[in-house]
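Input: a single structure, listed below in structure tokens.
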Amino acid sequence: MSVGDPLVEDLEVDDRELAAAAAAGDRSAFESLIRRHGPALHRYARRMTRDEAAVQDIVQETFVAAWRQIDKFRGDASPRTWLFAICSRKVADSHRVKRAIPLDDRLIDPVDSSASSDPFATLSNTEFLGALEEALAELPPRQRAVWMLREVEELTFPQIGTILSLSPDGARGHHHRAKTTLQQRLERWR
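Each residue of the sequence shown is one higher than the one before, counting from 1 in the UniProt record's numbering.
In structure tokens form, the structure reads like this:
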């Protein structure tokens with residue numbers, strides 16, 4: 001039985017075990033890490049660049065870099081935090097190469113109007129999501145990154161600090177400023 005077998009996946013193999021197996025050359029273990037963390041990295045990259053072609057490249061480059069460096073993974077942070085740190089650097093690299101063109105970027109899919117019998121609620125939700133998207137796009141990149149990692153990916157401030165090369169208090173400060181700005185800009189929906 002290999003680490004990448006579905007039976008082993010069902011047993012919730014620890015990420016650190018998968019990273020150790022991948023470092024030993026087990027491609028299926030690395031593929032398991034990709035399946036586990038790929039969607040979250042994609043969400044994060046999409047919120048930070050908003051150019052779907054660049055997002056795909058960033059996530060792919062993240063996993064290529066991770067595969068090349070997996071034998072150097074020391075385990076100081078969790079594999080998830082380590083992958084987000086690599087992804088964060090790839091996002092920064094992509095911004096240095098070119099500025100992304102903002103495209104439609106939703107935190108969640110728009111509410112399906114057929115799913116709700118209340119047209120006012122549907123319209124209100126759609127307007128709120130649009131306003132949230134605008135407000136997020138106006139945040140400085142570091143504040144937006146911290147807010148996304150905390151509120152969407154549910155990472156801790158020490159993990160966010162590791163990912164973005166900040167102290168936990170620095171991450172907390174960026175989060176506080178982002179949250180305050182968003183609250184001010186979205187006051188009408190309170």
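Idealized CB from N, CA, C, for every residue including glycine.
Cβ of Phe84 within 8 angstroms of any chain D Cβ = Although the question refers to chain D, the structure presented lacks it and comprises just one protein chain.
### Query
Hey, out of Gln183, Ala145, Thr126 and Leu132, whose CA is closest to Cys87's CA?
Ala145
*Rounded C-alpha distance that separates Gly75 from His176*: 29 angstroms
Since Ala24 is in the alpha helix (DSSP H), which residue starts that stretch and which ends it?
No alpha helix (DSSP H) contains Ala24, which DSSP labels as neither H nor E.
Output needed for Ala23: all residues of its chain with C-beta closer than 6 angstroms, excluding positions within five of it in sequence on either side, in chain order. Ile70 and Asp71
**Prompt:** Looking at the structure shown, is Leu186 part of a helix, part of a strand, or coil, going by DSSP?
**Reply:** In the three-state reduction of the DSSP assignment, Leu186 falls in the coil class, being assigned neither a helical nor a strand state.
Quick one: measure Cβ to Cβ for Pro79 and Leu164, integer angstroms, because I've assumed they're closer than 8 angstroms. Actually they are not in contact, since the Cβ atoms of Pro79 and Leu164 sit about 17 angstroms apart, beyond 8 angstroms.
Report task. Please go through the same chain and pick out, in chain order, the residues whose beta-carbon is closer than 6 angstroms to the beta-carbon of Phe84, but skip the five residues on each side of it. Result -> Ile163
Check: What residue from Ala131, Asn125 and Asp93 has the CA that sits closest to Ile58's CA?
Finding: Asp93
query = Which value, in whole angstroms, describes the spacing of the CA atoms of Arg185 and Thr126?
reply = Approximately 16 angstroms, taken between the alpha carbons.
For this session: Have a look at Glu154, Thr62, Lys179 and His95 and flag the residue whose alpha-carbon is nearest the alpha-carbon of Leu139.
Result: For Leu139, the closest of Glu154, Thr62, Lys179 and His95 by C-alpha to C-alpha distance is Lys179.
Handout entry: Whole-angstrom distance between Leu149 and Asp169, CA atom to CA atom
Key = C-alpha of Asp169 to C-alpha of Leu149: approximately 15 angstroms in a straight line.
Inset, instruction - Quick one: grab the DSSP three-state call for Asp76. - result: coil
task: With a cut-off of 8 angstroms on the beta carbons, I'd call Val152 and Arg46 a contact; round off their distance for me.
output: Incorrect: roughly 10 angstroms between the Cβ atoms, too far for contact.
Element boundaries [alpha helix (DSSP H), containing Ile58]: Glu52 to Gln69
Note to self: Here's the rule I'm using: 16 or more other beta-carbon atoms within 10 Å means buried, otherwise exposed. How should Asp14 be labelled?
What the structure shows: exposed
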